[in-house]
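Per our numbering, residue 138 is the first one in the sequence shown, and the count goes up by one each step.
Every residue, glycine too, gets a C-beta built ideally from N, C-alpha and C.
On a predicted model such as this, the values are computed, not experimentally measured, just so you know.
Take a look at the structure below.
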Amino acid sequence: MRRLREAVAGLDVGMLVNNAGVAKPGAVYLHEVDVEAWVRMIRVNALALTEVTAAVLPGMLRRGRGAIVNIGSGSSFALPSYPLYSVYVATKRYVLEFSRSLSVEYKSSGIDVQCQVPLLVETNMVSSAARLIRQFVLTPDAYARAAVSWIGHGTLCVPNAVHRLQGWYICFWQDFITDGSLLRRHLKQRVIFRRLRSWRKSQEAGWASDSAKATMRCEL
Ligand SMILES: NC(=O)c1ccc[n+]([C@@H]2O[C@H](COP(=O)([O-])OP(=O)(O)OC[C@H]3O[C@@H](n4cnc5c(N)ncnc54)[C@H](OP(=O)(O)O)[C@@H]3O)[C@@H](O)[C@H]2O)c1
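In structure tokens form, the structure reads like this:
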């Protein structure tokens with residue numbers, strides 16, 4: 138926090154976009170991975186966002202203007218649950234509630250706080266499994282264009298029309314139907330992630346034994 142405050146001290150930070158986020162380890166049951174992975178996720182998705190916001194606010198308050206855009210997720214807004222991503226969706230709900238209250242707190246000081254809640258966008262975060270349902274996945278360019286045009290318009294927004302349409306469509310289903318279909322989809326992703334992880338482990342083990350062999354050869 139000290140280094141961050143020093144870094145922004147002389148700058149006129151007009152806009153802060155809290156975009157950094159992690160969804161790793163992906164679709165898993167809570168007990169299946171080390172708790173450190175969840176702590177890391179909470180640190181990036183919730184704690185860092187709070188700290189960076191706290192660091193730029195004093196400058197914005199002094200100047201009486203500024204905009205803060207927090208990237209939440211449609212998973213914590215448009216959907217009744219997001220099974221196998223429980224910590225991820227909880228951190229994104231934090232982003233949403235944090236932004237809503239901040240927006241009320243700082244509106245009269247000339248600072249706009251907005252939470253954007255995208256659904257699927259084709260980035261590194263989105264698994265290849267999700268990319269199979271291409272008609273629902275936006276390109277980063279399409280999302281970014283819509284996202285920029287929405288800044289300053291409302292506390293909470295789903296910038297792209299395709300995502301808004303999806304959110305509207307989801308409302309028609311009873312929660313238990315959406316819950317079941319998401320669980321099935323994420324269980325499939327979990328299988329893919331497990332295969333990927335064990336493939337990576339075997340590659341690393343192969344690489345390690347190759348380098349061990351090379352070292353032995355050198356030593357001999
Ligand atoms: N893609 C989607 O469908 C989707 C849907 C809803 C919400 N979101 C949200 O959109 C935001 C952007 O995600 P994305 O889809 O663009 O995913 P991404 O391609 O995985 O990008 C994540 C970004 O977060 C940064 N980051 C991660 N850990 C960091 C750390 N410890 N310190 C600093 N930066 C860190 C990464 O920086 P490096 O590249 O330097 O690692 C990268 O720029 C996230 O908040 C995500 O939750 C995405």
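Which residue marks the beginning of the alpha helix (DSSP H) containing residue i, and which one marks its end?
i    : result
Q303 : 298-308
I288 : Segment: none, I288 is in no alpha helix (DSSP H) and carries neither H nor E.
V274 : V274 -> no alpha helix (DSSP H), and no H or E assigned at all.
V224 : 223-243
Indicate the three-state DSSP secondary structure (helix, strand or coil) for residue i in the structure shown.
i    : result
D312 : helix
L148 : coil
A164 : coil
V258 : strand
Y280 : helix
A342 : helix
V328 : helix
V159 : coil
V170 : coil
S218 : coil
G211 : helix
G317 : helix
R142 : helix
Return the Cβ separation of residue i and residue j in integer angstroms, given the expectation that the two are a contact with Cβ distance under 8 Å.
i    : j    : result
S246 : L293 : About 19 Å separates the two Cβ atoms, so there is no contact after all.
V181 : N155 : The Cβ separation is near 10 Å, so there is no contact.
R142 : V159 : 24 Å between Cβ atoms; not a contact.
L239 : V258 : 24 Å between Cβ atoms; not a contact.
I307 : A215 : 5 Å
S223 : L184 : Incorrect: roughly 18 Å between the Cβ atoms, too far for contact.
G196 : V150 : 6 Å
P220 : L320 : 4 Å
A138 : A192 : A small correction: the amino acid at residue 138 is Met; Ala does not occupy that position in the sequence shown. M138 to A192, Cβ: 6 Å. Contact.
With respect to the beta strand (DSSP E) encompassing residue i, which residues constitute its N-terminal and C-terminal limits?
i    : result
V193 : No beta strand (DSSP E) holds V193; the alpha helix (DSSP H) holding it covers 186-200.
Can you tell me which residues form a DSSP beta bridge with residue i?
i    : result
L293 : C252
I179 : Answer by DSSP bridge pairing: none, since I179 is not bridged.
L153 : I205
Exercise. Evaluate contact between the stretch 199-219 and the stretch 289-306, counting only Cβ atoms and requiring at least three cross-stretch pairs below 8 Å.
Key: yes
Exercise. Could you tell me whether the stretch 279-299 touches the stretch 250-258, where touching means 3 or more Cβ pairs closer than 8 Å?
Key: yes
Quiz item: Quick one: any contact between the stretch 313-329 and the stretch 224-240, if contact means 3 or more CB pairs under 8 Å?
Solution: no
Quiz item: With contact counted as at least three CB pairs below 8 Å, one residue from each stretch, are the stretch 316-331 and the stretch 160-169 in contact?
Solution: yes
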